[in-house]
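Here's the structure, in structure tokens; my notes come after.
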Amino acid sequence: MFPLPGKTFPASAEALRAALEQSIASVVRPAGPMVTVEDAGYPKLKAVHISLDGANAGERPPRRPQPPVGAVQPGLQLENFTVSGHPLLVQRARVDFTCTAREVRLGQARDKDGNPLFVLLEAAEGKVEVVVALSDLEALVLAGAKAEAVKQGVSVESVRIELQTRSERNLEAVVQVRAKKLFLSAALRISGSLAIDEQLNARLAGLKCAGEGALGTLACGFIAPQLARFDGREFSLLALPLGEVKLRDVRIAAGRELRVTAQFGRPA
Numbered sequence: 490m491f492p493l494p495g496k497t498f499p500a501s502a503e504a505l506r507a508a509l510e511q512s513i514a515s516v517v518r519p520a521g522p523m524v525t526v527e528d529a530g531y532p533k534l535k536a537v538h539i540s541l542d543g544a545n546a547g548e549r550p551p552r553r554p555q556p557p558v559g560a561v562q563p564g565l566q567l568e569n570f571t572v573s574g575h576p577l578l579v580q581r582a583r584v585d586f587t588c589t590a591r592e593v594r595l596g597q598a599r600d601k602d603g604n605p606l607f608v609l610l611e612a613a614e615g616k617v618e619v620v621v622a623l624s625d626l627e628a629l630v631l632a633g634a635k636a637e638a639v640k641q642g643v644s645v646e647s648v649r650i651e652l653q654t655r656s657e658r659n660l661e662a663v664v665q666v667r668a669k670k671l672f673l674s675a676a677l678r679i680s681g682s683l684a685i686d687e688q689l690n691a692r693l694a695g696l697k698c699a700g701e702g703a704l705g706t707l708a709c710g711f712i713a714p715q716l717a718r719f720d721g722r723e724f725s726l727l728a729l730p731l732g733e734v735k736l737r738d739v740r741i742a743a744g745r746e747l748r749v750t751a752q753f754g755r756p757a
């Protein structure tokens, strides 16, 4: 879904470009112009390209758009549609995101407050890919761990992450943390699983903490409530929601990077 500013739908290709630029800028800090529209006799378009390259999504995931209510009316017809983020900065991690599609139909709808939305209704074929380097995941976790640990007078020195794929949509994760308080050092082991659904929503589960020695036990004591907050939590890996389109062939692979891919569109 693509929420639009104002209360009316764009009446031209240029108005569409400006509306999408303003809408996307409300959820990311852009590095430059983001939207390019190639007209083919509006509402038919040759292409819409959205570049999130170098954009910053901030420290918190953006709010999901409100769902449409009521009937969805015919809207735009696109020969080609692309969204890229090379990289898109998400909570300090560099995420490579790509979405490509052809023969796309976008419907016009409104949310419960009457705000206009474009909803992705159909595509002949499309592909989504999300890639995050393991080093970026480690840096992200280290920054978060340091911020929480310093409140307890603990210094987190290092974080190492191990990922192992269990199936096409599930993986196991182990995070090794080394921490220090005064003259005491400790090693922590945080483990859990990650599952991806057909809309590229990720869910964390089974988060546990085990520590060595007195400091390790103490550290797990204040980490456990934080883990409980995230256990079972779901978050989207998509930079932009896909609306009515359903994904298929969702796959997750882990090694030196975490890679999630999926297909969508009419079956071959």
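When we follow the working numbering, the leftmost residue of the sequence shown carries the number 490, and every step to the right adds one.
Note that the Cβ used here is the ideal one computed from N, Cα and C, for glycine as well.
Where the alpha helix (DSSP H) through residue i begins and ends
| i | result |
| --- | --- |
| Lys-635 | 623-638 |
| Ser-512 | 502-514 |
Burial state of residue i (16 or more Cβ within 10 Å)
| i | result |
| --- | --- |
| Arg-722 | exposed |
| Gly-521 | exposed |
| Ser-647 | exposed |
| Ser-512 | buried |
| Val-663 | exposed |
| Val-524 | buried |
| Asp-686 | exposed |
| Ser-624 | exposed |
| Pro-499 | buried |
| Ala-694 | exposed |
| Pro-556 | exposed |
Terminal residues of the beta strand (DSSP E) in which residue i lies
| i | result |
| --- | --- |
| Pro-576 | 558-579 |
| Phe-753 | 746-753 |
| Gly-700 | 690-700 |
| Gly-681 | 673-685 |
| Arg-653 | A small fix is needed here, since residue 653 is Gln in this sequence, not Arg. Looking at the DSSP string, the run of the beta strand (DSSP E) that includes Gln-653 is 644-656. |
| Asp-602 | Taken as a continuous stretch (DSSP letters only), Asp-602 belongs to no beta strand (DSSP E), as it is neither H nor E. |
| Val-517 | Note, Val-517: premise wrong, no beta strand (DSSP E); not H, not E. |
Straight-line gap, residue i to residue j (C-alpha atoms, nearest Å)
| i | j | result |
| --- | --- | --- |
| Glu-527 | Lys-535 | 5 Å |
| Gln-597 | Asn-604 | 11 Å |
| Ile-679 | Val-666 | 8 Å |
| Gly-559 | Ala-612 | 22 Å |
| Phe-724 | Val-619 | 14 Å |
| Arg-599 | Thr-706 | 52 Å |
| Asp-585 | Ala-544 | 11 Å |
| Pro-492 | Glu-746 | 32 Å |
| His-538 | Leu-683 | 31 Å |
| Ala-634 | Ile-650 | 13 Å |
| Ala-582 | Val-630 | 9 Å |
| Glu-510 | Leu-541 | 11 Å |
| Thr-587 | Thr-571 | 7 Å |
| Leu-660 | Leu-565 | 38 Å |
Backbone secondary structure at residue i - three-state DSSP
| i | result |
| --- | --- |
| Thr-706 | helix |
| Ala-582 | strand |
| Pro-494 | coil |
| Ala-544 | coil |
| Arg-737 | strand |
| Gln-641 | helix |
| Gln-555 | coil |
| Ala-529 | coil |
| Arg-722 | coil |
Integer Cβ distance of residue i from residue j, believed to fall under 8 Å
| i | j | result |
| --- | --- | --- |
| Gln-475 | Glu-548 | With the chain covering only 490 through 757, there is no way to say anything about residue 475. |
| Gln-752 | Leu-726 | Contact doesn't hold; Cβ gap of about 15 Å is too wide. |
| Ala-668 | Val-639 | Not a contact, Cβ separation roughly 11 Å. |
| Val-608 | Leu-567 | Actually they are not in contact, since the Cβ atoms of Val-608 and Leu-567 sit about 13 Å apart, beyond 8 Å. |
| Ala-708 | Ala-675 | 6 Å |
| Cys-698 | Leu-677 | 6 Å |
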